[in-house]
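Here's the structure, in C-alpha cells; my notes come after.
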Amino acid sequence: MDAATADRSLTVLGDPTRARILELIREADDGRALVGRLAETLALTQPTVSHHMRALLDEGLVRREPDGRRVWYSIAPDSIDRIDAVLGERGGPAASPDLERISRDLATRFRGVFSAETVAHYVEDSFRLLQEGPAPRLASRTAAFSASRLEALASARQSVHAVPEVLFVCVENASRSQLAAAILRHLAGGRVTVRSAGSAPAAEVRQSIVTALDEIGVPLGGEFPKPLTDEAVKAADVVITMGCGDACPIFPGRRYLDWELEDPAGRPMQDVRGIRDDIDARVRNLLSELDIDRSPAEIENR
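The C-terminal residue of the sequence shown carries number 284 in the working numbering, and the numbering is unbroken.
Below, the structure is given as C-alpha cells:
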C-alpha cells in the first residue's frame, strides 16, 4: 500500500460516523444493513448516510447487494481483518496499534520535512496521550492525531502562513469546538487552516452535534476529540477558547479570544440548534476579519 492509499484509508476509517456504520453492519444478525435503517439509528438523513456509504464502498470496505428495490450493505470479506484491526474484534478487545507501520507511513508522507525518528516520537507520544482517555479506534486516531501534530509543528516553524490558522479549544472537544471548527472549515474551504482540541477530551463527538451539523449541510468528516498540545497553539494565528478556563497555554504573537457559550451537552435538540446558530454567527464574523484574500507578502508587509 502506497502512502496516499494508506493516508486515505486512515481517513475513511477514522471518520466517527463511518466507523459507527461499520459497527452497526457488523453487529447486525445477518451482517447486513439498509441505508434507511442506518439513517434512523444514527439520526441522520438518508443522503448523508448514502454519502458515507459511498466512501466506504469506494475504499472497498463494504459491498453492495441489490435485492429488488432494496440495497443491502455488508462488510467486504477482504476488509474484515482491516476493519477489525481498527474497530477491534467483535466481542473482544481491539488489537494493539501497529505503531511501527503508522510511523513508516507518516515518515513517507513527511519525507524531507521531518526525520523518521521525529515522526516515530510523535506517533508514540500521540498514542500515549490518546490512551490516557477513553478513545476508541486507537490505530486510526493515533495516525490522524500524529499527522495533525506534525503538520502543526511544520507550520509553527514558518514566520508567515500562506493562510490564517485558527484553533478552537473547549473542555471535551466533543461539542462547541467541533461545531465551530466544522462550520469554519465548511465556509472557508482551503482558505483557512482549522484545528480543534480539548483540555479533557471525550471519547466521541456527541451525536447531537453530528446531527445539528448535518441539518445545515456541514460535514464533520474524520474529526474526533483530541488532546490540546503546544504545537497546535504555536501554529495558530487565532486561538479561540470556549469554557476551558486556563488550560490553554499562552504564546506571544497569537490572538486569543474567549467565546462565552452555553454547553450543549445533555441539551434537547432545540437548544443545540440555538447554540449552533450562535456559533455560526460568530464564525462568520471571524471569517470576515481574517485576511483570507491577501497574499503572504501582503500580510507580512501590512
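Quick reminder that beta carbons are idealized off the backbone N, C-alpha and C, glycines included.
Inset, instruction - Take residue 257 and list the residues in its own chain whose beta-carbon comes closer than 6 Å to its own, dropping the five residues that flank it on each side. - result: 244, 246
Legend entry - beta-carbon residue 218 near the ligand NAP non-hydrogen atom, thresh 8 Å: Questions concerning the ligand NAP fall outside what the structure shown contains, since it holds no ligand whatsoever.
Inset, instruction - Please go through the same chain and pick out, in chain order, the residues whose beta-carbon is closer than 8 Å to the beta-carbon of residue 17, but skip the five residues on each side of it. - result: 28, 31, 32, 35, 53, 55
Inset, instruction - List the DSSP bridge partners of residue 232. - result: In the DSSP output, where bridge partners are listed per residue, residue 232 has none listed.
Inset, instruction - Look up residue 47 in the DSSP assignment and give the residues it is bridged to. - result: 54
Legend entry - Inter-stretch contact at 8 Å, needing at least 3 Cβ pairs: the region 220 to 237 / the region 5 to 15: no
Inset, instruction - Please determine if the region 95 to 105 and the region 122 to 134 are in contact, where contact requires at least 3 C-beta pairs separated by less than 8 Å. - result: yes
Inset, instruction - Go to residue 221, then tell me how far its alpha helix (DSSP H) extends in each direction, as first and last residue. - result: It is not in any alpha helix (DSSP H) - residue 221 instead sits in the beta strand (DSSP E) that spans 220 to 224.
Legend entry - Euclidean distance between Cα positions of residue 254 and residue 47: 37 Å
Legend entry - Distance between residue -1 and residue 308 (C-alpha atoms, nearest Å): Given a span of -17 to 284 for the chain in the structure shown, any question on residue 308 remains unanswerable.
Inset, instruction - Note down the Cα distance separating residue 62 from residue 43, rounded to an integer number of angstroms. - result: 8 Å
Legend entry - CA-to-CA distance, residue 57 to residue 6, given in whole angstroms: 10 Å
Legend entry - Alpha-carbon spacing of residue 216 relative to residue 233, whole angstroms: 7 Å
Legend entry - residue 150 (DSSP reduced to helix, strand or coil): strand
Inset, instruction - Identify every residue that forms a DSSP beta bridge with residue 176. - result: 148
Legend entry - Residue from 185, 175, 272, 166 whose Cα sits closest to the Cα of residue 259: 166
Inset, instruction - With DSSP as the reference, label residue 240 as helix, strand or coil. - result: strand
Legend entry - Coarse secondary structure for residue 209, derived from DSSP in three states: strand
Inset, instruction - Report, in whole angstroms, the separation of the C-beta atoms of residue 136 and residue 95, which I expect to be a contact under 8 Å. - result: 6 Å
Legend entry - residue 158 - partner residues in DSSP beta bridges: In the DSSP output, where bridge partners are listed per residue, residue 158 has none listed.
Legend entry - Beta bridge counterpart(s) of residue 16 as assigned by DSSP: 54
Inset, instruction - Would you grab the beta carbon distance between residue 146 and residue 239 for me? Rounded to a whole angstrom, and I think it's under 8 Å. - result: With a Cβ gap of about 13 Å, residue 146 and residue 239 do not count as contacting.
Legend entry - Pick from 251, 208, 83 that is closest to residue 348, judged by C-alpha positions: No answer is possible for residue 348: the residues shown for the chain start at -17 and end at 284.
Legend entry - Local conformation of residue 141 per DSSP, three classes: coil
Legend entry - C-alpha gap between residue 188 and residue 59, whole angstroms: 31 Å
Inset, instruction - Give the secondary structure of residue 281 by DSSP, where H, G and I count as helix, E and B as strand, and everything else as coil. - result: Confidence is the limiting factor: at residue 281 the pLDDT is only 42, short of 50, which leaves the residue's position unreliable, though a coordinate-based value still follows. Three-state result, residue 281: helix.
Inset, instruction - Compute the distance between the beta-carbons of residue 154 and residue 194, then report whether it is under 9 Å. - result: no
Legend entry - Whole-Å CB distance - residue 235 paired with residue 185, under 8 Å assumed: The pair is not a contact, with the Cβ atoms about 34 Å apart (cut-off 8 Å).
Inset, instruction - Give every residue of the same chain whose Cβ lies closer than 6 Å to the Cβ of residue 162, excluding the five residues on either side of it in the sequence, and list them in chain order. - result: 150, 261, 265
Inset, instruction - Report yes if the CB atom of residue 78 is closer than 9 Å to the CB atom of residue 98, and no otherwise. - result: no
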